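In my numbering, each residue carries its 1-based index in the sequence shown increased by 76.
Heads up, the beta-carbon is just placed ideally off N, CA and C, and yes, glycines get one too.
On a predicted model such as this, the values are computed, not experimentally measured, just so you know.
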Amino acid sequence: MFCSKKKSLEVERIVKANDREYNEKFQYADNRIHTSKYNVLTFLPINLFEQFQRVANAYFLFLLILQLIPEISSLTWFTTIVPLVLVITMTAVKDATDDYFRHKSDNQVNNRQSEVLIDSKLQNEKWMNVKVGDIIKLENNQFIAADLLLLSSSEPHGLCYIETAELDGETNLKVRHALSVTSELGADINRLAQFDGIVVCEAPNNKLDKFMGVLSWKDSKHSLNNEKIILRGCVLRNTSWCFGMVIFAGPDTKLMQNSGKTKFKRTSIDRLMNTLVLWIFGFLVCLGTILAIGNSIWENQVGDQFRNFLFWREEAKNSVLSGFLTFWSYIIILNTVVPISLYVSVEVIRLGHSYFINWDRRMYYSRKATPAEARTTTLNEELGQIEYVFSDKTGTLTQNIMTFKKCSISGRIYDEVHDDLSQKTEISKKKEPVDFSVTSQEDRTVQFPDHTLMESIKLGDPKVHEFLRLLALCHTVMSEEDSAGQLIYQVQSPDEGALVTAARNLGFIFKSRTPETITIEELGTLVTYELLAFLDFNNIRKRMSVIVRNPEGQIKLYSKGADTVLFEKLHPSNEDLLSLTSDHLSEFAGEGLRTLAIAYRDLDDKYFKKWHNMLEDANTATDGRDERITGLYEEIERDLMLLGATAIEDKLQEGVIETVTSLSLANIKIWVLTGDKQETAINIGYACNMLTDDMNDVFVISGNTAVEVREELRKAKENLFGQNRSLSNGHVVCEKKQQLELDSVVEETVTGDYALIINGHSLAYALEGDVKNDLLELACMCKTVVCCRVTPLQKAQVVELVKKHRNAVTLAIGDGANDVSMIKSAHIGVGISGQEGLQAVLASDYSFAQFRYLQRLLLVHGRWSYFRMCKFLCYFFYKNFAFTLVHFWFGFFCGFSAQTIYDQWFITLFNIVYTSLPVLAMGIFDQDVSEQSSMDCPQLYEPGQLNLLFNKRKFFICMAHGIYTSLVLFFIPYGAFYNVAGEDGQHIADYQSFAVTMATSLVIVVSVQIALDTSYWTVINHVFIWGSIATYFSILFTMHSNGIFGIFPKQFSFVGNARHSLTQKCIWLVILLTTVASVMPVVAFRFLKVDLYPTLSDQIRRWQKAQKKARPLSSRRPQTRRSSSRRSGYAFAHQEGYGELITSGKNMRAKNPPLTSGLEKTLYNSTNWIENLCKKTTDTVSSFSQDKTVKL
């Protein structure tokens, strides 16, 4: 408690290097992490508290206390305590097992080794023993143990390269650089050990892109910012070693500050059950009160006459006290309306559903031998009620592998194979790829299927050569050679890696660079270009340019960037080529490819010198420096000559398009929450059909202030409503109204499809105050929402916003540590075991290897789990109302004495033995339609979203059904036994015969009812249903036998009764009449309902039966390509600042040592370009004809 209080008051952090004693007085957290919920001491109290939050457990504990009072208990106490302890123990063991695995994963991370500088020497220490102020040595490809201040590195000027995929999902490298005063320390252990600088910085927080602090050392102060800090969760890349000083450790690191807390998750059915148990208890209190009043009246009017015979004293028992005690007795007797076996059965069914997920071979990813895993067993039915899916992009929707797919050069598209009729034909796998034999450094993993491009290169087409020359010169890639002499490219963005690799494989090989030169190999000839200027990329310019002088002395400007920007800079003479290239770009964008336009300009020597002098003046200016530089860039980047365009594929994971389409048909809204750039995220949105050209509008929110964001949201809403009001016939349908806690917001289902795109900066303002009300209203009326550049905490805030104010079931899916907080916040968290570690999997409720498995998880396993659980609950409440309420009717005929109508052993065994297995079989194995139909017809998923299969209305229907059955079960035998004699002339209307007749009728009725409820018959169903009836009769005859009476005369007093009663024909006629009267109304109602008002699943079942009789050849609809309107497919994952870094020479090495353990970023697996066009999509049920035939 003290530590947590201390942390909350921390306003700034003071850390001294190499001084643990000094830092310990501040009681900073160590580097140990905890994602588990319990420890040995807290497990029992916290787990019991969580379990007794379930109203039913508290209810049964209360009943147990009542049963310990002998004056009111007509049932023994162990009938309640044994099942209660069993349920609590089973749940506790399951929770303990789940938490054990969390502890195990924590220990795995905490026990990782790190080199720490202790007592002037490097020692191996476990991560959990690292303290604030320690100096750590990191080596290439190592995970960073804590948030560190970078002191020195193997690179020039103290630079290091890091990959931040765990934090923001981006795999492109980022640069951090040390202060010049500390970079001089190098790898000198003695100097590092003597370093005693003091850092004063901000308190721990979750802002990944911000850090403020000051380093005081040697009587001088040095400002610190985010560029000097490397965060836990990052990976050191392309840097042999570096040293850093621990600033934040363990739970104080920015990664852990963003991870959120592990929350106790319960399903909506669990919450509804809590409400229903309270209602049922209120219902029992009403029944008990009626019977207690009846007992008081009976005691007062009739009971007095018996007291003399019972030797009671007059004052010993009055009618009021009798009524009070009878009330509690009936509460105990009638408690079987909600037996504790219900909760045992629910846990068993959930466990069975979890095993089905684990065993599903169609969700097994063979390449990595990764099966699907249900890491939590309590949430399965919620998978069938998902309304919103929040998905990460990188590594979840995409593979994050960039592949050069197509290009347009001088108005001609390359990479499409044409036949004699100039029609596109599919490339077979046997077709030989382009021969790259002209290059000695080709990347053999890249295959370019168009041989005409290589022919153009060999024929010396000047435009093609200039195009490839531009790709080899205009970039920020660094090159090295490994020990085998192979080129290794260090890329700042995967896009650049794909373009430079493509140029390399087509004969224009980027070899090396210095701050003043770039050397490339052009078709086997080394050519060195003088680098005169580098016009860097940024998000506003959306382009990058280099100015070089070739060996002939010509000055050229090469530029690449977004087509929307670059086309405005073209010379008027490019009009025809611009139109043609624009069409090509539109085609590329329509296929979801990331595009860049390519252009150049010849510069006059005199003009360039004048411009360069102006640029130098601008660089030294103190006022308006950035504006002057931008203006000069604009001036020289004009009158460009268009060369063509490139198209890169950020390869989607297999099956993403089909999955997104299928989930959309199931009325599931998909929101993409990504740390990636806006253009990249939009491009992927188009690639996987979340965004389409057919959408009515795409709203982009990018305001930099709260006022701007509010205004943009307001305009978007006005635009949306305005467009819909202008449509003919006023097609605005008010579908449903939901009261939001912030304000009353009406969600209108508008005609047409809309999308909302918002960046992280704007989202920060949109999530504040009442602006989030406007954001939510607009977002929920859009088909697709894309949030770009969002932090991990913002992801969680968006999920919480929808979860809280829409009252909708949410699912979050991601694969990195930056998705953990989102996964924990959603009702269901799904982790993908992908490229970014296992943090997302460890925090998730379900995990698998590919995004496409989400379709099967929801539409098959989720839907079936919800369907089965709802069916199970409906039947369970029905049978227990029928079983229990017979005691209520009997109360009016037994003097309200709390006498049970059944034998006590029957009451004990009814829910545990006689009816437990059939309902379990139905809850585990039942299915309304096949798994293929569930996948083919996503509309079947909607009943779960609308909560149609089990809700308060359904509960009251089951209750009414149970009450009707209890009336039939009691009054038909009662009427039949009234003044009747047996076949032998003897009286048979005794209490014991009446009890046996009713019990037998009840078992047969509920067994026939579950047979009617079962949609999918297996051998297990048959064995359990008919076996339960056989078990009942065998136990009945055993308990009523002479042998068992001889052993336990007090416990089995119904000796010979079963044999005597069940040999009478009239008894069997009564049982038959009771069964028919109970079941026939249900049969008639269901027959009429299916015939007159069939549901979608009813129609599919009918179609399946028809298919079994006659199997026609299934016709498949021809696949049509989406026509694309003109839009930019520009997306470029590049970071500003690299141009300045290159021209400064800070990242150049003095010599190129062989790379010992580098990660080559530019080798990409090639796939056939036609692959995406050939993917199959599942057919859906489009319409049903009048004769109820279903088109699948």
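| Check | Outcome |
| --- | --- |
| Leaving out five residues on either side along the sequence, give the residues of the same chain with a beta carbon under 8 Å from the beta carbon of L767. | I758, G761, V774, A831, T860, V862 |
| Does DSSP put V885 in a helix, in a strand, or in coil? | strand |
| Mapping DSSP to helix, strand and coil, what is H937? | helix |
| Roughly how many whole angstroms lie between the Cα atoms of I834 and I489? | 34 Å |
| Do S430 and T453 have their beta-carbon atoms positioned less than 7 Å apart in this structure? | yes |
| Rounded to the nearest angstrom, how far is the Cβ of K330 from that of L307, given a contact under 8 Å? | 5 Å |
| Strictly by DSSP, which residues pair up with M478? | D726 |
| Give me, in chain order, the residues of the same chain whose beta-carbon lies closer than 6 Å to that of L529; leave out the 5 immediate sequence neighbours on both sides. | Y490 |
| Tell whether a beta-carbon distance below 7 Å holds between L672 and V622. | no |
| Tell me the DSSP secondary structure of S909 in three-state form. | coil |
| Can you grab the Cα-Cα spacing for the pair R313 / S229, in whole Å? | 12 Å |
| Going along the chain, which unbroken runs of the alpha helix (DSSP H) with 4 or more residues stay wholly within the stretch 408-471? | 417-435 |
| What residue from D95, D171, Y1017 has the CA that sits closest to I122's CA? | D171 |
| Mind checking which residues open and close the alpha helix (DSSP H) that includes A1153? | 1141-1168 |
| What span of residues does the alpha helix (DSSP H) with V576 cover, start to end? | 570-581 |
| With DSSP as the reference, identify every bridge partner of G720, one or two as the case may be. | I485, I674 |
| Could you compute how far the alpha carbon of A215 sits from the alpha carbon of V208? | Residue identity check: residue 215 is Glu in the sequence provided, not Ala. C-alpha separation (whole angstroms): 20 Å. |
| For I831, which three-state DSSP category applies? | The displayed chain sequence assigns Ala, not Ile, to residue 831. Looking at A831 - three-state DSSP - the assignment turns out to be strand. |
| Which residue comes first and which comes last in the alpha helix (DSSP H) that contains H1098? | 1095-1115 |
| Considering only the alpha carbon of each residue, which of Q143, G892, V1131 lies closest to M332? | G892 |
| Hey, could you find the ends of the alpha helix (DSSP H) C362 is sitting in? | 344-374 |
| Please classify E278: does DSSP put it in a helix, a strand, or coil? | strand |
| Is Y104 helix, strand or coil when you go by DSSP? | coil |
| In three-state terms, what does DSSP make of I712? | helix |
| Between which residues of its own chain and I1123 is the CB-CB distance below 8 Å, once the five residues before and five after are set aside? | none |
| Give every residue of the same chain whose Cβ lies closer than 7 Å to the Cβ of C950, excluding the five residues on either side of it in the sequence, and list them in chain order. | F1026, K1030, C1034 |
| With distances taken between CB atoms, is the gap from G905 to S923 smaller than 7 Å? | no |
| Check whether the stretch 427-443 touches the stretch 706-722, taking contact to mean three or more Cβ pairs, one atom from each stretch, closer than 8 Å. | no |
| Answer yes if the stretch 840-853 comes into contact with the stretch 877-893, meaning at least three C-beta pairs across the two stretches below 8 Å, and no otherwise. | yes |
| For the alpha helix (DSSP H) that contains K539, what are its first and last residues? | 538-549 |
| Can you tell me whether R130 is buried or exposed? The criterion is at least 16 other CB atoms within 10 Å of its CB, across all chains shown. | buried |
| Does DSSP put E876 in a helix, in a strand, or in coil? | helix |
| Check the C-beta distance from V192 over to D210 and give it rounded, since I have them as a contact under 8 Å. | 5 Å |
| Quick one: any contact between the stretch 655-674 and the stretch 688-705, if contact means 3 or more CB pairs under 8 Å? | no |
| Which residues does DSSP pair with C863 in a beta bridge? | L749, I834 |
| Report yes if the CB atom of K587 is closer than 7 Å to the CB atom of T595, and no otherwise. | yes |
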